[in-house]
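Visitor: Each protein sequence line maps, in turn, to chains A and B.
Per this note's numbering, residue 121 is the first one in the first sequence, and the count goes up by one each step.
Per this note's numbering, residue 320 is the first one in the second sequence, and the count goes up by one each step.
Ideal Cβ positions, reconstructed from N, Cα and C, are used throughout, including at glycine.
This one's a predicted model, so the numbers in the text were calculated from it and none came from an experiment.
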Amino acid sequence: MGNTSSENWPLKRRDIAYYRQRQKNRVFTALVAFFADEARQGNVTKKELAIRLGRDPAQITRWLSAPSNFELDTLSDILLAMGAEMDHEIVRFQDRSEVEDIYCTTGTDANSRAFASDNVVPLNAKEAVCVTSGSTIRYIHACG
Amino acid sequence: MSIDALISWRIQENALYPLKPRARGASLKRRMYVPPEIWEMLQRAHEDEQMEDRLGSLQADLELFVEGQPIDPKYLFLLYPARQAVWEIRSVRPAPSIRVLGLFAKKNVFVATNFAFREDLGEWQSREWKNVKRAALAGWRRLFHPYDPLESTNIQNLVTGAINGKYFK
Numbered sequence: 121m122g123n124t125s126s127e128n129w130p131l132k133r134r135d136i137a138y139y140r141q142r143q144k145n146r147v148f149t150a151l152v153a154f155f156a157d158e159a160r161q162g163n164v165t166k167k168e169l170a171i172r173l174g175r176d177p178a179q180i181t182r183w184l185s186a187p188s189n190f191e192l193d194t195l196s197d198i199l200l201a202m203g204a205e206m207d208h209e210i211v212r213f214q215d216r217s218e219v220e221d222i223y224c225t226t227g228t229d230a231n232s233r234a235f236a237s238d239n240v241v242p243l244n245a246k247e248a249v250c251v252t253s254g255s256t257i258r259y260i261h262a263c264g
Numbered sequence: 320m321s322i323d324a325l326i327s328w329r330i331q332e333n334a335l336y337p338l339k340p341r342a343r344g345a346s347l348k349r350r351m352y353v354p355p356e357i358w359e360m361l362q363r364a365h366e367d368e369q370m371e372d373r374l375g376s377l378q379a380d381l382e383l384f385v386e387g388q389p390i391d392p393k394y395l396f397l398l399y400p401a402r403q404a405v406w407e408i409r410s411v412r413p414a415p416s417i418r419v420l421g422l423f424a425k426k427n428v429f430v431a432t433n434f435a436f437r438e439d440l441g442e443w444q445s446r447e448w449k450n451v452k453r454a455a456l457a458g459w460r461r462l463f464h465p466y467d468p469l470e471s472t473n474i475q476n477l478v479t480g481a482i483n484g485k486y487f488k
């Protein structure tokens, strides 16, 4: 996905479901990670959150258990109870770089290239493998 | 041959597929490889619209791992017995809940081996659970014998960015 030109309309059901879940996961993991960080620093516990929100502790546990369909109001309440709020930024797909498979197309043998990085594993003189490079995973299958 | 090299061979023979985010520009911080049965399920359109929704959610849930999002025990859990080093990724919503089983080849490198619908598995000591765990181990051996999976009950030895918690029974 990432291409929202009119030839892709109407949006596919799977893409809609994917981005909905992705959005939930990202918001939820940010919330849980923030709570875990605050708890580790001794700033808050689930019980204290429950008191601050006037809720049953079991409800707090449920909220922090899985990315459910809780509303933005609930998210705001939980963050407010921890003295925080969420910053938002909207990004166009077209402004993001594509994650790419990189294929080595030079005529040099793979080993010299492979040894240039600890993350590249040479298979033989012509092939090197699968590397994690910074934030992008690159697969180099056939060099030379 | 290193296990990285072996993974590469398995990719070349289409026995494993690297999971990459559908979303453009999503960054990859960890690696996950999936077997053909999961790969095809994620790639092919399903005739049932509800399954289309479900598979879109499953893909997003699996990508949470590769994008390096914080991991907690509600998402990743070490199955009993811990010495078998079989883990499950829980994709809970929407129903039906799905479990993707797999093992760690290295830190931050998860190899998914098989999946099951939670409703088919019953109680945690059931025969069905044993069967899917056996299938996971058999899948690992088929792909990586004689390499052993990375085995630890300390999540920090396996995943960068995991939230501390109890990841095993």
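Which residues in the same chain as A/Pro177 place their Cβ atom closer than 7 angstroms to its Cβ, once the five residues preceding and following it in sequence are excluded?
Guide: Excluding positions up to five away in sequence, the list reads Lys166, Lys167 and Ala170.
Visitor: Is there at least one Cβ from chain B nearer than 8 angstroms to A/Gln161's Cβ?
Guide: No, no contact with chain B.
Visitor: Tell whether a beta-carbon distance below 8 angstroms holds between B/Ala455 and B/Thr472.
Guide: The answer is no: Cβ separation not under 8 angstroms.
Visitor: Below 6 angstroms CB to CB, which residues in the same chain sit around A/Lys144 once its five sequence neighbours on both sides are set aside?
Guide: Pro187.
Visitor: B/Leu338: which of B/His464, B/Pro465, B/Val428 and B/Ala481 sits nearest, CA to CA?
Guide: Measuring from the Cα of B/Leu338, the nearest candidate turns out to be B/Val428.
Visitor: Whether or not the stretch 134-141 of chain A and the stretch 366-381 of chain B are in contact is what I'm after, with contact meaning three or more pairs of Cβ atoms, one per stretch, closer than 8 angstroms; do they touch?
Guide: The answer is yes - the stretch 134-141 of chain A touches the stretch 366-381 of chain B, with three or more Cβ pairs under 8 angstroms.
Visitor: Between the beta-carbon of B/Trp448 and the beta-carbon of B/Val430, is there less than 8 angstroms?
Guide: Cβ atoms of B/Trp448 and B/Val430: not closer than 8 angstroms.
Visitor: Whole angstroms is fine: what's the gap from B/Leu335's alpha carbon to B/Ala424's?
Guide: Spanning the two alpha carbons is a distance of roughly 13 angstroms.
Visitor: Following the continuous alpha helix (DSSP H) through B/Thr432, name the residue where it begins and the one where it ends.
Guide: First-last for B/Thr432: Val428 to Phe436, but that is the beta strand (DSSP E), not the alpha helix (DSSP H).
Visitor: Counting contacts by CB-CB distance shorter than 8 angstroms, is A/Phe190 in contact with chain B?
Guide: Closer than 8 angstroms: no.
Visitor: With 9 angstroms as the C-beta to C-beta threshold (strictly closer), list the residues of the stretch 386-409 of chain B near chain A in chain order.
Guide: Cβ contacts with chain A: Glu386, Gly387, Gln388, Pro389, Ile390, Asp391, Lys393, Tyr394 and Arg409.
Visitor: Tell me which same chain residues have a C-beta within less than 8 angstroms of the C-beta of B/Tyr486, skipping the five on either side of it?
Guide: Excluding residues within five positions, the ones whose Cβ falls inside 8 angstroms are Pro392, Leu395, Phe396, Leu397, Thr472 and Ile474.
Visitor: Taking the CB atoms as reference points, tell me whether B/Arg350 and B/Val385 lie closer together than 8 angstroms.
Guide: Yes; because the gap between Cβ atoms is below 8 angstroms, this pair is in contact.
Visitor: Between which two residues does the alpha helix (DSSP H) carrying B/Glu371 extend?
Guide: From DSSP, the alpha helix (DSSP H) with B/Glu371 extends over Glu368 to Val385.
Visitor: List the endpoints of the continuous beta strand (DSSP E) containing B/Val419.
Guide: Looking at the DSSP string, the run of the beta strand (DSSP E) that includes B/Val419 is Ile417 to Lys425.
Visitor: Say whether chain B places a C-beta atom closer than 8 angstroms to the C-beta of A/Arg142.
Guide: Closer than 8 angstroms to some Cβ of chain B, the Cβ of A/Arg142 qualifies, so yes.
Visitor: Which residues of the stretch 371-384 of chain B have a Cβ closer than 9 angstroms to any Cβ of chain A? Give them in chain order.
Guide: The residues in question are Glu371, Asp372, Arg373, Leu374, Gly375, Ser376, Leu377, Gln378, Ala379, Asp380, Glu382 and Leu383.
Visitor: Just grab the DSSP bridge partners of B/Ala481 for me.
Guide: DSSP, once it has assigned bridges, lists B/Ile390 as partnering B/Ala481.
Visitor: Any Cβ of chain B within less than 8 angstroms of the Cβ of A/Asn128?
Guide: By this cut-off, A/Asn128 is not an interface position.
Visitor: Report the neighbours of A/Ser185 on chain B: residues whose CB is nearer than 7 angstroms to its CB, in chain order.
Guide: What A/Ser185 touches in chain B: Lys393.
Visitor: Leaving aside the five residues before and after B/Trp438 along the sequence, list all residues of the same chain whose C-beta is less than 6 angstroms from its C-beta, in chain order.
Guide: In the sequence on display, residue 438 of chain B carries Glu and not Trp. Taken in chain order, the residues that qualify are Pro415.
Visitor: How would you list, in chain order, the residues of chain A whose beta-carbon sits under 8 angstroms from the beta-carbon of B/Val411?
Guide: Simply Ala186.
Visitor: At a CB-CB cut-off below 8 angstroms, which residues of chain A make contact with B/Arg461?
Guide: Residues of chain A passing the Cβ test: none, with the nearest at roughly 19 angstroms.
Visitor: Using the beta-carbon of each residue, which ones in chain A are nearer than 7 angstroms to B/Ile482?
Guide: Simply Val152, Ala153 and Ala156.
Visitor: With C-beta atoms as the reference, is A/Ala204 less than 8 angstroms away from A/Phe154?
Guide: Against a cut-off of 8 angstroms, the Cβ pair of A/Phe154 and A/Ala204 comes out as a contact.
Visitor: Are the CB atoms of B/Ile390 and B/Ile482 nearer to each other than 8 angstroms?
Guide: Result yes, Cβ atoms of B/Ile390 and B/Ile482 sit closer than 8 angstroms.
Visitor: Report buried or exposed for A/Asp215, applying the criterion of at least 16 other Cβ atoms within 10 angstroms of its Cβ.
Guide: Burial call: exposed.
Visitor: Between the Cα of B/Glu332 and the Cα atoms of B/Pro355, B/Ile322 and B/Leu420, which residue gives the shortest distance?
Guide: Of B/Pro355, B/Ile322 and B/Leu420, the residue nearest in Cα terms is B/Pro355.
Visitor: Taking 8 angstroms as the threshold (beta carbon to beta carbon), is B/Ala342 in contact with chain A?
Guide: Closer than 8 angstroms to some Cβ of chain A, the Cβ of B/Ala342 qualifies, so yes.
Visitor: Where does B/Pro400 sit, in a helix, a strand or coil, going by DSSP?
Guide: Three-state result, B/Pro400: coil.
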